[in-house]
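*Asks:* Protein chains in written order, with our numbering: chain L, 153 to 403; chain D, 153 to 403.
There are 2 protein chains.
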Amino acid sequence: MNRVISIESIKVACKNCSLGSLCLPMGLTPPDVEKLEKIIKRNRPLHRNDHLFRENDSFSSLFVVKTGTIKTYLPREDGGEQVLGFHLPGEIIGLDAIQDERHTCSAKVLETSAVCELPFGQLEELAQVIPSLQHQMFKLLSKEIAEEGKMLTLLGKKNAEERLASFLASLSCRFKRRGFSATDFYLSMSRNEIGNYLGLAVETVSRLFTRFQEEGVVRVDRKHIELLDQDRLEAVAKGSLCARTSESNSA
Amino acid sequence: MNRVISIESIKVACKNCSLGSLCLPMGLTPPDVEKLEKIIKRNRPLHRNDHLFRENDSFSSLFVVKTGTIKTYLPREDGGEQVLGFHLPGEIIGLDAIQDERHTCSAKVLETSAVCELPFGQLEELAQVIPSLQHQMFKLLSKEIAEEGKMLTLLGKKNAEERLASFLASLSCRFKRRGFSATDFYLSMSRNEIGNYLGLAVETVSRLFTRFQEEGVVRVDRKHIELLDQDRLEAVAKGSLCARTSESNSA
DNA sequence: CGAGTAGTTGACGATTGTCAAGATGGGTGG
DNA sequence: CCACCCATCTTGACAATCGTCAACTACTCG
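#1: In angstroms with no decimal places, state the Cα-to-Cα distance between D:Glu345 and D:Ala353.
#2: Can you have a look at L:Ser265 and say buried or exposed, based on whether 16 or more other CB atoms are within 10 angstroms of its CB?
#3: Using the beta-carbon count (16 or more within 10 Å), is L:Arg396 buried or exposed?
#4: Is it the case that the Cβ atoms of L:Ile192 and L:Glu269 are separated by a distance below 8 Å?
#5: Quick one: measure Cβ to Cβ for D:Arg206 and D:Ser284, integer angstroms, because I've assumed they're closer than 8 Å.
#6: Would you call the region 289 to 308 of chain L in contact with the region 363 to 376 of chain L, where contact means no fewer than 3 C-beta pairs closer than 8 Å?
#7: Who pairs with L:Tyr338 in a beta bridge, going by DSSP?
#8: What does D:Lys193 reach in chain L if we use C-beta pairs closer than 7 Å?
#9: Verify the CB distance criterion: does L:Met341 have a CB-CB separation below 8 Å to chain D?
#10: For D:Cys166, which three-state DSSP category applies?
#11: Rounded to a whole number of angstroms, what is the C-alpha to C-alpha distance between L:Pro271 and L:Asp336?
#12: Could you spell out the range, first to last residue, of the beta strand (DSSP E) harbouring D:Ser265?
#13: Give a yes or no on whether the C-beta atoms belonging to D:Thr221 and D:Glu263 are separated by under 8 Å.
#14: So what's L:Glu207 in DSSP terms, helix, strand or just coil?
#15: Mapping the DSSP letters down to three states, classify L:Glu386 as helix, strand or coil.
#16: With DSSP as the reference, label D:Ile245 as helix, strand or coil.
#17: Under the assumption that D:Val216 contacts D:Val267 (Cβ atoms under 8 Å), give the Cβ distance between them as a whole number of angstroms.
#18: Is there a Cβ of chain L sitting closer than 8 Å to that of D:Ile377, yes or no?
#19: Which bits of chain D does L:Ala279 rub up against, with CB to CB less than 7 Å?
#20: Check whether the Cβ atoms of L:Val388 and L:Glu314 lie closer than 8 Å to each other.
#21: Under 8 Å, Cβ to Cβ, is there at least one residue of chain D near L:Gln382?
#22: Chain D beta carbons: is any one of them nearer than 8 Å to that of L:Glu133?
#23: Looking at the structure shown, is L:Ser213 part of a helix, part of a strand, or coil, going by DSSP?
#24: Is it true that the CB of D:Phe238 sits closer than 8 Å to the CB of D:Met303?
#25: Going by CA-CA distance only, name the one from D:Leu316, D:Arg228, D:Thr256, D:Met178 that's closest to D:Arg343.
#26: Check the Cβ-Cβ distances between D:Gln234 and every residue of chain L, and say whether any is below 8 Å.
#27: When you check each C-beta in the region 292 to 307 of chain D against every C-beta of chain L, which residues fall closer than 7 Å?
#28: Can you look up D:Lys309 in the DSSP assignment and give me helix, strand or coil?
#29: Leaving out five residues on either side along the sequence, give the residues of the same chain with a beta carbon under 8 Å from the beta carbon of L:Lys187.
#30: Just to confirm, is the Cβ distance from D:Gln251 to L:Ser294 under 8 Å?
#31: Is it right to say D:Ser210 is buried, meaning 16 or more other beta carbons lie within 10 angstroms of its own, or is it exposed?
#32: Using 8 Å as the threshold, is the C-beta distance between L:Leu240 and L:Arg330 below it?
#33: Distance check for L:Ala334 and L:Phe364, CA to CA, integer angstroms please.
#34: Relative to the C-alpha of L:Leu214, which candidate in L:Leu350, L:Leu180, L:Gly273, L:Tyr338 has its C-alpha closest?
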């Protein structure tokens, strides 16, 4: 993994950005993209364990992950934490904080990362004069809301096996869209964080990785994952394997 | 329960609406509220089991619940459904559909209800010329996103007891804000739907209601709920009762 | 009044969490 | 450069919560 990131490579230039259509400018006209570029701040690279922001920090900007991975989490009453998500390049962080101008969760850097900073006040002003940007932002927020349903289903109905398979399938899909391999990637998060995110004990996650490997679905070496049988993985994720004819709580 | 709702009573008039500051117009100036009123459609009352929309229906409007309760849910691969939420007066439905102009979930009426319909295209146009409306809408969407974290914690970490207590506490709080009793209310959803929503089996929900009643925390008669000890309920919801010193997955 | 749906209760088992011990590997300092 | 150390991960044994199955009750609605 190349840890050296030149200033040049993170220079903000949406129109040249490798994220392309994944990011906010999607669907904007070139002149509008230029206006957007003007308000975007360049940030120094962030290092593992840095915090982008913490719960209750006052909110002023959204962030788009350019490279690396960022974890968002919520401190729990019992002192532990609840992982809310892992954010890959092209994904936006901070949308939850618009409502009362205070971050409701913390964001921690899992591996050397770079982000674009979008001062929200200016973004709003811009959206006020660029209808397609306003629309784009509504869509962005909406997408986040629509995604929630899948996670609720995962946590509410899926068993451990289905959860981990879904997780791997989701990562695979997201890597692919970003031009990385869909079948060979590194996990930037720990087993503990995966378990926390999926509502499982670390031990369960560990056992499942072992089992998946034994079954020939994946090859696991520490953080390195190779998907050997994507169809099977998808099938497990959907729960359409293993003859479970559950009709539970169907009503 | 009064099932007769006169046309008069559902006439749209934001400025007189009992929802007051709960709804969209919150924070708008009177002239802006008037503009908003002009685009709002009046809908006939909806009856139990009506669908407001179904998954994949094309999206054109947001809906605000005026009276009653509406359930949103996602069909699951196995033919069952995943309940996403129960929407009380003042709560907005359809935000998930903005992203690709198609509803991602279905919305079903649990008891005679009335809704305001907000044609989204017109709402966007209005937001384009009323900055405070644009801001208000961003906040609305953001709030929805921020709420998600609580639900993930509930499903990921809480046990059955904590889940049901959290659910009752949440309902209580929402009823209170709407001017209803915080300690005496009717559930418009079935045990099955509660269990589905909370990731529990119906039987578990049923047993917990019985247990809570035996412990003197609530009085339950069918759909009628009385909260007898709110502090205790809150404590159970937070998991700060029953000496569980869990530090699980804290990292 | 009858039938069907929703809710309750009990018995049982399985999935998954907990506890404990051990293995592995990366990072740091001598 | 090696060795040690600590965090992370793995594996096993056990227990408990909660889901499943089944029977029974009680409403509700036609």
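Beta carbons: idealized from backbone N, C-alpha and C, even for Gly.
*Replies:* On the basis of the coordinates in this document:
#1: Rounded to whole angstroms, D:Glu345 to D:Ala353 spans 10 Å at the Cα level.
#2: L:Ser265 comes out buried.
#3: With a pLDDT of only 39 at L:Arg396, under 50, the local geometry of the prediction cannot be trusted, and no value is derived from it.
#4: A distance below 8 Å separates the beta carbons of L:Ile192 and L:Glu269.
#5: Beta-carbon to beta-carbon, D:Arg206 and D:Ser284 are separated by about 33 Å, too far to satisfy the 8 Å threshold.
#6: In short, these stretches do not touch, since the Cβ pair count stays below three.
#7: Listed as beta-bridge partners of L:Tyr338 by DSSP are L:His376.
#8: Those within 7 Å of D:Lys193 in chain L number zero; the least Cβ separation is about 20 Å.
#9: Not an interface residue.
#10: Reduced to three states, the DSSP call for D:Cys166 is helix.
#11: Taking the straight line joining both Cα atoms gives about 35 Å.
#12: Taken as a continuous stretch (DSSP letters only), the beta strand (DSSP E) holding D:Ser265 covers 258 to 271.
#13: The criterion of a C-beta distance shorter than 8 Å is satisfied by D:Thr221 and D:Glu263.
#14: Under the three-state reduction of DSSP, L:Glu207 is assigned to coil, being neither helix nor strand.
#15: DSSP places L:Glu386 within a helical segment (H, G or I) once states are collapsed to three.
#16: If DSSP states are grouped into helix, strand and coil, D:Ile245 belongs with the strands.
#17: That belief holds up - the Cβ atoms of D:Val216 and D:Val267 are roughly 6 Å apart, short of 8 Å.
#18: No, D:Ile377 does not count as interfacial toward chain L.
#19: Identification of chain D residues near L:Ala279 by a Cβ-Cβ cut-off of 7 Å yields Gln286, ordered along the chain.
#20: Cβ distance < 8 Å, so L:Val388 and L:Glu314 count as in contact.
#21: Cβ-Cβ to chain D under 8 Å: no for L:Gln382.
#22: Since the first and last residues shown for chain L are 153 and 403, residue 133 of chain L lies out of range.
#23: Strand.
#24: Against a cut-off of 8 Å, the Cβ pair of D:Phe238 and D:Met303 comes out as no contact.
#25: Taking D:Arg343 as reference, the option from D:Leu316, D:Arg228, D:Thr256, D:Met178 with the minimal CA-CA separation is D:Leu316.
#26: Chain L, which has a Cβ nearer than 8 Å to the Cβ of D:Gln234, makes this yes.
#27: Going along the region 292 to 307 of chain D in chain order, one finds Leu293, Ser294, Lys295, Glu296, Ile297, Ala298, Glu300, Gly301, Met303, Leu304, Thr305, Leu307 with a Cβ nearer than 7 Å to chain L.
#28: It is helical.
#29: Cβ within range, chain order: Leu278, Ile282.
#30: Judged by their CB atoms, D:Gln251 and L:Ser294 are nearer to each other than the 8 Å cut-off.
#31: Taking every protein chain shown into account, the CB of D:Ser210 has fewer than 16 other CB atoms within 10 angstroms, so this residue is exposed.
#32: Cβ atoms of L:Leu240 and L:Arg330: closer than 8 Å.
#33: Taking the Cα positions, L:Phe364 is about 17 Å away from L:Ala334.
#34: Taking the Cα of L:Leu214 as reference, the smallest distance to any Cα among L:Leu350, L:Leu180, L:Gly273, L:Tyr338 is reached at L:Gly273.
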